[in-house]
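In my numbering, the protein residues as written are 1456 to 1736.
Structure first, commentary second.
Next comes the structure, spelled out in structure tokens:
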């Protein structure tokens, strides 16, 4: 199977590249904007024709949540329009599209985990652009998986885990918000899950995150504890950290459909962060 991975230099794309050698039945094309600019539809179609692409894992995304508030056209170009081009190319060639989306399609006002049936209501420009991307996939491609994830961290790029480890090693006391909750997700685990479903045909919308719920504060405490750092992690409110784009207070995604339909075994977020930190030593 010929698999195109877009956004291959990001957190998830890098993890897919890392484990690709274990999947000898797949032939991967790892691309980022230098190799394939997915915002140009002609370039997408030429790449498909030349390489006989059978599956696309779209990890490419505009993820600067705050910057998107003042640069919405750029977010729309990558998160919405480019996704439409990929979906159209997949539909024309009977290829499968696995598109990565986000918890930000919801406004975070719920009190129970969001299911795939819940109505999206994005509160940010980033979330709106990702929702339109989802809608474009559904409209253009019949052989598609939309995978919503949240609180992603990996070995490549910047993320919450790396930030906490850095500042906790420099300071005796740090502050982290306690009134935002969600599901931390190890990018390596997500990469394995995605390659598992690449040969599946139960197309549709799915939530895949780490298993279990915590606040950013609880997550930070666990990172500091497992890292053996001597640093106090003090709780603060979201109001004490104003941002251009509002953060969802409740970002918990329900995993029931993924576990029952796709038969994906999802480890706890505590197990995942423990393995991640051990792998960095």
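We treat Cβ as the ideally placed atom computed from N, Cα and C, and that holds for glycine.
C-beta atoms of residue i and residue j nearer than 8 Å
i: residue 1467; j: residue 1607; result: yes
i: residue 1677; j: residue 1721; result: no
i: residue 1520; j: residue 1461; result: no
i: residue 1506; j: residue 1538; result: no
i: residue 1624; j: residue 1684; result: yes
i: residue 1563; j: residue 1706; result: yes
i: residue 1589; j: residue 1560; result: yes
i: residue 1701; j: residue 1579; result: yes
i: residue 1470; j: residue 1643; result: yes
i: residue 1661; j: residue 1713; result: yes
i: residue 1464; j: residue 1487; result: yes
i: residue 1535; j: residue 1587; result: yes
Cβ-Cβ separation, residue j to residue i (assumed contact under 8 Å), whole Å
i: residue 1650; j: residue 1598; result: Their Cβ separation, rounded to whole angstroms, is 17 Å, which puts residue 1650 and residue 1598 out of contact at 8 Å.
i: residue 1604; j: residue 1557; result: 7 Å
i: residue 1664; j: residue 1732; result: At roughly 18 Å, the Cβ-Cβ gap does not stay under 8 Å, so residue 1664 and residue 1732 are not in contact.
i: residue 1508; j: residue 1548; result: 7 Å
i: residue 1641; j: residue 1668; result: Not a contact, Cβ separation roughly 15 Å.
i: residue 1516; j: residue 1555; result: 7 Å
i: residue 1690; j: residue 1631; result: 7 Å
Reduced DSSP secondary structure (H/G/I, E/B, other) of residue i
i: residue 1551; result: strand
i: residue 1559; result: helix
i: residue 1569; result: strand
i: residue 1696; result: coil
i: residue 1603; result: strand
i: residue 1723; result: strand
i: residue 1613; result: coil
i: residue 1618; result: helix
i: residue 1478; result: coil
The alpha helix (DSSP H) enclosing residue i, as first and last residue numbers
i: residue 1687; result: From DSSP, residue 1687 is part of no alpha helix (DSSP H) but of the beta strand (DSSP E) over 1687-1691.
i: residue 1748; result: Any property of residue 1748 remains undetermined from this structure, which presents the chain solely from 1456 to 1736.
According to DSSP, residues forming a beta bridge with residue i
i: residue 1669; result: 1637
i: residue 1608; result: 1641
i: residue 1705; result: 1636
Residue span of the beta strand (DSSP E) that contains residue i, given as start and end
i: residue 1485; result: 1482-1485
i: residue 1663; result: First-last for residue 1663: undefined, no H or E at that position.
i: residue 1491; result: Note, residue 1491: premise wrong, no beta strand (DSSP E); not H, not E.
i: residue 1630; result: 1628-1632
i: residue 1741; result: Residue coverage of the chain in this structure runs from 1456 to 1736, which leaves residue 1741 outside it and unanswerable.
i: residue 1458; result: 1457-1461
Test: residue i CB closer than 8 Å to a CB of chain D
i: residue 1589; result: Checking the listed chains, one finds no chain D in this structure; it contains a single protein chain.
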